[in-house]
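Heads up, the thing below is written out as structure tokens.
Residue numbers (my numbering): 184 to 289.
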């Protein structure tokens, strides 16, 4: 698996404005990913619950910090769920996590 595409992970952090009031600040980090399509069974299972999974992004687990929004090719996606496959016995294989996403404009 190759990580040839760029994905922007959009997170939030707590901060203060100049008056000292608490505010939420959006943060963005760019990571490389592998883009996959959703499986047929996942698509139909999610549709039964009113969800519309469209795309799966595979990233290194150490780069993902539970962000709920990602940007790919200027389109925003909501992370519906994550899946972390079991680690391979191949030592050169990094641990990855799959981000199952739906478009925010869907």
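Every residue, glycine too, gets a C-beta built ideally from N, C-alpha and C. From a predicted model like this one, the values you see are computed outputs, not experimental measurements.
Residue from the options with nearest C-alpha to residue i
i           : options            : result
residue 280 : 202, 248, 194, 188 : 248
residue 264 : 214, 184, 278, 236 : 236
residue 255 : 190, 246, 209, 262 : 190
residue 212 : 268, 251, 286, 278 : 251
residue 194 : 268, 286, 208      : 208
Buried versus exposed, by CB contacts within 10 Å (16 or more), residue i
i           : result
residue 199 : exposed
residue 274 : Any reading at residue 274 must be qualified, since the residue scores a pLDDT of 49, below 50, and its modelled position is unreliable; no value is offered.
residue 206 : exposed
residue 260 : buried
residue 287 : exposed
Supposed close pair residue i, residue j - CB separation, criterion 8 Å
i           : j           : result
residue 242 : residue 284 : The pair is not a contact, with the Cβ atoms about 11 Å apart (cut-off 8 Å).
Runs of alpha helix (DSSP H) wholly within the region 220 to 271 (minimum 4 residues, chain order): 223 to 230
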